[in-house]
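Here is the structure we will look at.
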Amino acid sequence: MRLFRKLLLPFVPIYYLITWMRNWMYDIGILKSTHFDVPTIVVGNLNVGGTGKSPMVEYVVRLLKNNAQLAILSRGYKRETHGFILATENDSAKTLGDEPFQFYNKFSEVLVAVDADRVNGISRLLKGEIKPEVVVLDDAYQHRKVHGGFNILLTAYGNLYSNDILLPTGDLREPRSGAKRADIIVVTKCPQGLSKNKREEIIKSLHVNPNQQLVFSAIIYSNKVTNALDEEFSLFELGQKEVVLITGIANPKPLVEFLKEQKITIKQHLNYPDHHHFSETEISSLKELNKEYVLLTTEKDFVRLKNEIASLFYLEIKTEFLGRDAKIFDDSLKKYVESTKKRP
1 MRLFRKLLLP FVPIYYLITW MRNWMYDIGI LKSTHFDVPT IVVGNLNVGG TGKSPMVEYV
61 VRLLKNNAQL AILSRGYKRE THGFILATEN DSAKTLGDEP FQFYNKFSEV LVAVDADRVN
121 GISRLLKGEI KPEVVVLDDA YQHRKVHGGF NILLTAYGNL YSNDILLPTG DLREPRSGAK
181 RADIIVVTKC PQGLSKNKRE EIIKSLHVNP NQQLVFSAII YSNKVTNALD EEFSLFELGQ
241 KEVVLITGIA NPKPLVEFLK EQKITIKQHL NYPDHHHFSE TEISSLKELN KEYVLLTTEK
301 DFVRLKNEIA SLFYLEIKTE FLGRDAKIFD DSLKKYVEST KKRP
């Protein structure tokens, strides 16, 4: 696969020209971005997948949900439906997509909707019976038809956008210059003991503008696993059992490394593509494995499988900022929301 992508290198300049021209036309107003009076927070990345968007969206929701009526609007990637859908108890990962369904299950007080057309999605939300006071756009950094009021750009430690090239050979969705639209850049998935020298090295690499802020965060794993029956194992208890790990995410390597650090015996790792839809045959095979082993998966995969395998366990993750970066991030976001809500 890597060799094939290298063979596509001659197409990178073509992709660069197309994406650069598109951004330029938005920048000078040839292509129009719709502004909404409601505070609009965009969470996204330049690289394809694997930067921790879902835990970042959840962090934003936890930060703001007690002071405003929030809505999360997502595209609903790989769902089996089309158009605008406002999540209800009748929905599932199939109708919403796995990540929006995960958000809906975790935050009952938050509106969760899906629509590939974000302009239409926000408009429909604002016409609803319960009107959002803040809209969080999941994975919408390149969706420039909506003017993002506050743009949060994520880049993963060890896979910085500054070290990548454009599709189809690299993983960048648009040129690195697109980072200039960000209000705050978050380096995600950092080690907890990130050194000052490494921070400075990353800061130089990303060429952050004076009007932007740069902060660092880590992924924190829960100390327990849970299933749909509300049964729990501590990680210590899980270490006494043989586990089959099931993943359908962009980069399962950090999870595998964490479990090994916790002395979890991974008897088998079934590694599927990101957002994988499990077939009946695959589910039957998993049920057979479940007779002998504990089945463990990610929270995103869990929402697709929980109605099929009730005894399937998942490990929750959260975003945690390093040191005083939490205050920098929180204060910046709250300041934007409050100043936007006060506008006439």
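Residues in the sequence shown are numbered consecutively from 1, following the UniProt record's numbering.
Here a beta-carbon is modelled for each residue, glycine too, at the ideal position from N, C-alpha and C.
Look at the alpha carbon of residue i and the alpha carbon of residue j, and state the distance between them as a whole number of angstroms.
{"i": "Ile203", "j": "Tyr293", "result": "45 Å"}
{"i": "Ala179", "j": "Leu153", "result": "7 Å"}
{"i": "Ser162", "j": "Ile246", "result": "31 Å"}
{"i": "Thr298", "j": "Glu232", "result": "15 Å"}
{"i": "Thr340", "j": "Ile30", "result": "26 Å"}
{"i": "Asn223", "j": "Leu296", "result": "14 Å"}
{"i": "Val243", "j": "Glu237", "result": "12 Å"}
{"i": "Ile317", "j": "Asn290", "result": "23 Å"}
{"i": "His277", "j": "Leu255", "result": "20 Å"}
{"i": "Ser33", "j": "Asn159", "result": "30 Å"}
{"i": "residue 417", "j": "Pro168", "result": "Residue numbering for the chain in the displayed model covers 1 to 344; residue 417 lies beyond these limits and cannot be assessed."}
{"i": "Lys78", "j": "Lys145", "result": "21 Å"}
{"i": "Ala250", "j": "Gly170", "result": "15 Å"}
{"i": "Tyr314", "j": "Val225", "result": "5 Å"}
{"i": "residue 345", "j": "Val60", "result": "The shown model of the chain, from 1 to 344, leaves out residue 345, and the question about it has no answer."}
{"i": "Ile283", "j": "His275", "result": "15 Å"}
{"i": "Glu133", "j": "Val57", "result": "16 Å"}
{"i": "Asn66", "j": "Ile28", "result": "38 Å"}
{"i": "Val38", "j": "Lys287", "result": "46 Å"}
{"i": "Leu17", "j": "Val208", "result": "23 Å"}
With DSSP as the reference, please indicate the residues paired to residue i in a beta bridge.
{"i": "His269", "result": "Leu245"}
{"i": "Ser74", "result": "Val114"}
{"i": "Lys189", "result": "DSSP output for Lys189 lists no bridge partner at all."}
{"i": "Tyr221", "result": "Ile317"}
{"i": "Gln213", "result": "Ile184"}
{"i": "Phe233", "result": "Val225"}
{"i": "Gly170", "result": "None, per the DSSP bridge assignment."}
{"i": "Thr34", "result": "Val146"}
{"i": "Ala156", "result": "Asn159 and Thr188"}
{"i": "Asn45", "result": "Leu154"}
{"i": "Leu86", "result": "Ala113"}
{"i": "Thr40", "result": "Val135"}
My guess is that residue i and residue j are in contact by the Cβ rule of under 8 Å, so how many angstroms apart are they, rounded?
{"i": "Asp98", "j": "Val303", "result": "5 Å"}
{"i": "Val114", "j": "Gly149", "result": "Their Cβ separation, rounded to whole angstroms, is 21 Å, which puts Val114 and Gly149 out of contact at 8 Å."}
Taking 8 Å as the CB-CB cut-off, is residue i touching chain B?
{"i": "Gln142", "result": "Structure shown: chain B not included; a single protein chain is present."}
Count the CB pairs spanning the segment 263-274 and the segment 190-200 that are closer than 8 Å, and state whether there are at least three. Counting Cβ pairs under 8 Å, fewer than three are found: no touch.
Touching or not, the segment 88-102 and the segment 8-15, by the rule of three or more beta carbon pairs under 8 Å? no
Cβ pair count under 8 Å reaching 3, the segment 45-58 against the segment 181-193: yes
Check whether the segment 35-52 and the segment 137-147 touch, using three or more Cβ-Cβ pairs below 8 Å as the test. yes
In chain order, which continuous runs of the alpha helix (DSSP H) of length 4 or greater are located wholly inside the segment 92-142? 93-96, 98-106 and 118-126
When you compare the segment 278-287 with the segment 255-266, are there three or more beta-carbon pairs, one atom per stretch, that lie closer than 8 Å? Between the segment 278-287 and the segment 255-266, the count of Cβ pairs shorter than 8 Å is below three; the stretches do not touch.
Report the residue ranges of all beta strand (DSSP E) runs contained in full by the segment 257-303; include only those spanning at least 3 residues, in chain order. As far as the segment 257-303 is concerned, its whole beta strand (DSSP E) runs of at least 3 residues are 265-271 and 294-298.
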